[in-house]
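Participant: One structure, as structure tokens, below. Some questions next.
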Amino acid sequence: MLTSIVDLTSISSLWLQITIVAVWVLLILIIAWLAKRFVSDEPEILRKIVHIGTGNVILLAWWLDVPASIGITASIIASAVTLLSYKFPILPGINSVGRQSLGTFFYAVSVGILVAYFWHLQQPQYAAIGIMVMAWGDGLAALIGQRFGKHKYKILGAQKSWEGSLIMAVVSYLVSSLILLGVEGNIWQTWVISLVVALVATALEAISFLGVDNLTVPLGSAALAFGLFQLWPLK
Numbered sequence: 001m002l003t004s005i006v007d008l009t010s011i012s013s014l015w016l017q018i019t020i021v022a023v024w025v026l027l028i029l030i031i032a033w034l035a036k037r038f039v040s041d042e043p044e045i046l047r048k049i050v051h052i053g054t055g056n057v058i059l060l061a062w063w064l065d066v067p068a069s070i071g072i073t074a075s076i077i078a079s080a081v082t083l084l085s086y087k088f089p090i091l092p093g094i095n096s097v098g099r100q101s102l103g104t105f106f107y108a109v110s111v112g113i114l115v116a117y118f119w120h121l122q123q124p125q126y127a128a129i130g131i132m133v134m135a136w137g138d139g140l141a142a143l144i145g146q147r148f149g150k151h152k153y154k155i156l157g158a159q160k161s162w163e164g165s166l167i168m169a170v171v172s173y174l175v176s177s178l179i180l181l182g183v184e185g186n187i188w189q190t191w192v193i194s195l196v197v198a199l200v201a202t203a204l205e206a207i208s209f210l211g212v213d214n215l216t217v218p219l220g221s222a223a224l225a226f227g228l229f230q231l232w233p234l235k
């Protein structure tokens, strides 16, 4: 009897977690729809609203202790849907920025990889660093760079702006340091590792093509933060 009650409680808790995440995603989609209707219908702005907003799901998954299996399953489904969208008009806005890109697919894949690895290690903060650097850093860098970027440079044929790269570095540093500050506290490793992560993430974003930064930035940022904390352990 007691086992049955515990099982029911676990099932109820799981559905509550899923419901909270689903409501958040729905809220982001509603905000994007309202922005398109009343603010701007520029495809890139709408994509970045979704890009940034859905990235915050990793925080909900972490704080609500959502099982890794749920995150991995969601990643697989999202990856499959985005791949199909390149062939069929399931998500018509997926390539609406004027270039063919696998960025949305890589986004979904990176979430699954990070959840699978760092949930297993019981170190979800590193998955959060990777996804939040990608969501906020890369997302705001693209918006600021396209709207206010006046000082351009090219790497591997891709045009970037120094303004966008600066935003990428600053935002990446902020999100990394805030996450590490909350977990590890006010120690020198928090600030130094956040700085290294921000600089490397900015470099990875700068040399990206075909949306591959949605894979290299989150995986690289998470792996670097985790690796540096192993190299410089807490005393």
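FYI, the numbering for the sequence shown is 1 to 235, going by my numbering.
Beta carbons are placed, not taken as given, at the ideal position from N, Cα and C, and that holds for glycine.
It should be emphasised that the depicted structure is a prediction, and the values quoted were computed from it without experimental measurement.
1. Please go through the same chain and pick out, in chain order, the residues whose beta-carbon is closer than 6 Å to the beta-carbon of ALA141, but skip the five residues on each side of it.
2. Measuring CA to CA, which of ILE179, GLU184, VAL171 and TRP188 is closest to VAL200?
3. What distance in whole Å lies between the Cβ atoms of SER221 and VAL133, which are believed to be in contact at a cut-off of 8 Å?
4. Please classify ALA61 as buried or exposed, where buried requires at least 16 other C-beta atoms within 10 Å of its C-beta.
5. Using 10 angstroms around the beta-carbon of THR73, count the other beta-carbons present and answer buried if the total reaches 16, otherwise exposed.
6. Start and end of the alpha helix (DSSP H) containing ILE144?
7. Does the segment 173-181 come close enough to the segment 189-196 that 3 or more CB-CB pairs lie under 8 Å?
8. Where does the unbroken beta strand (DSSP E) through ALA291 begin, and where does it stop?
9. May I ask you to report which of helix, strand or coil DSSP gives GLY98?
10. Buried or exposed: GLN125, going by 16 or more other Cβ atoms within 10 Å of its Cβ?
11. In angstroms with no decimal places, state the Cα-to-Cα distance between ALA78 and SER13.
12. Under the assumption that TRP136 contacts GLY55 (Cβ atoms under 8 Å), give the Cβ distance between them as a whole number of angstroms.
13. Around the Cβ of VAL23, are there at least 16 other Cβ atoms within 10 angstroms (buried) or fewer (exposed)?
14. Among residues of its own chain, excluding the 5 on either side of GLY103, which ones have a beta-carbon nearer than 6 Å to its beta-carbon?
15. How would you write the range of the beta strand (DSSP E) that ILE155 sits in, first residue to last?
16. What did DSSP end up calling ASP41 once you bin it into helix, strand or coil?
17. Just to confirm, are ILE30 and GLY53 a CB contact at a threshold of 8 Å?
18. What distance in whole Å lies between the Cβ atoms of ILE179 and ILE113, which are believed to be in contact at a cut-off of 8 Å?
19. Under the assumption that LEU46 contacts ALA32 (Cβ atoms under 8 Å), give the Cβ distance between them as a whole number of angstroms.
20. Go to ASP213, then tell me how far its alpha helix (DSSP H) extends in each direction, as first and last residue.
21. How is TYR86 classed by DSSP in three states: helix, strand or coil?
22. Take LEU83 as the anchor and find which of TYR107, LEU26 and ALA223 has the nearest alpha-carbon.
Facilitator: A quick look at the data gives this:
1. Against the sequence shown, residue 141 aligns to sequence position 141. Answer for ALA141: GLY164, ILE167 and MET168, listed in chain order.
2. Counted from its first residue, the sequence shown places residue 200 at position 200. Of ILE179, GLU184, VAL171 and TRP188, the residue nearest in Cα terms is VAL171.
3. By 1-based counting over the sequence shown, the position of residue 133 is 133. By 1-based counting over the sequence shown, the position of residue 221 is 221. Confirmed, Cβ separation roughly 4 Å.
4. Position 61 of the sequence shown, counted from the first residue, corresponds to residue 61. By the neighbour-count rule (16 or more Cβ atoms within 10 Å), ALA61 is buried.
5. What you label residue 73 is simply residue 73 of the sequence shown in a count that begins at 1. It counts as exposed.
6. The sequence position of residue 144 within the sequence shown is 144, counting from 1. Segment 139-148, the alpha helix (DSSP H) holding ILE144.
7. yes
8. As displayed, the chain neither begins before 1 nor continues past 235, which places residue 291 out of reach and without an answer.
9. Here the question's residue 98 lines up with position 98 in the sequence shown. Here GLY98 scores only 49 on pLDDT, less than 50, and its place in the model is too uncertain to base an answer on.
10. Stepping through the sequence shown from its first residue, residue 125 is reached at position 125. GLN125 should be labelled buried.
11. Against the sequence shown, residue 78 aligns to sequence position 78. Against the sequence shown, residue 13 aligns to sequence position 13. About 23 Å.
12. Counting from 1 along the sequence shown, the entry for residue 136 is found at position 136. Counting from 1 along the sequence shown, the entry for residue 55 is found at position 55. Indeed, because the Cβ distance is near 7 Å, the residues count as touching under 8 Å.
13. Looking up residue 23 in the sequence shown gives position 23. So VAL23 ends up on the exposed side.
14. Taking the sequence shown and counting its residues from 1, the one referred to as residue 103 is at position 103. Closer than 6 Å at the Cβ level, and outside the excluded window around GLY103, lie GLY211 and ASN214.
15. For this step, residue 155 is matched to residue 155 along the sequence shown. Run containing ILE155: 152-155, per the beta strand (DSSP E) assignment.
16. Here residue 41 is taken as the residue at index 41 of the sequence shown, counted from 1. In the structure shown, ASP41 sits in coil (DSSP, three-state: anything other than H, G, I, E or B).
17. What you label residue 30 is simply residue 30 of the sequence shown in a count that begins at 1. What you label residue 53 is simply residue 53 of the sequence shown in a count that begins at 1. The answer is no: Cβ separation not under 8 Å.
18. Taking the first residue of the sequence shown as 1, we reach residue 113 at position 113. Taking the first residue of the sequence shown as 1, we reach residue 179 at position 179. At roughly 18 Å, the Cβ-Cβ gap does not stay under 8 Å, so ILE113 and ILE179 are not in contact.
19. For the purposes of this step, residue 46 is taken as the residue at position 46 of the sequence shown. For the purposes of this step, residue 32 is taken as the residue at position 32 of the sequence shown. Between ALA32 and LEU46 the Cβ distance is about 5 Å, and since that is below 8 Å, they are a contact.
20. Reading the sequence shown from its first residue, position 213 is the one you call residue 213. Unbroken alpha helix (DSSP H) run through ASP213: 213-231.
21. Looking up residue 86 in the sequence shown gives position 86. Looking at TYR86 - three-state DSSP - the assignment turns out to be coil, as it is neither helix nor strand.
22. Taking the sequence shown and counting its residues from 1, one reaches residue 83 at position 83. Nearest C-alpha to LEU83: TYR107.
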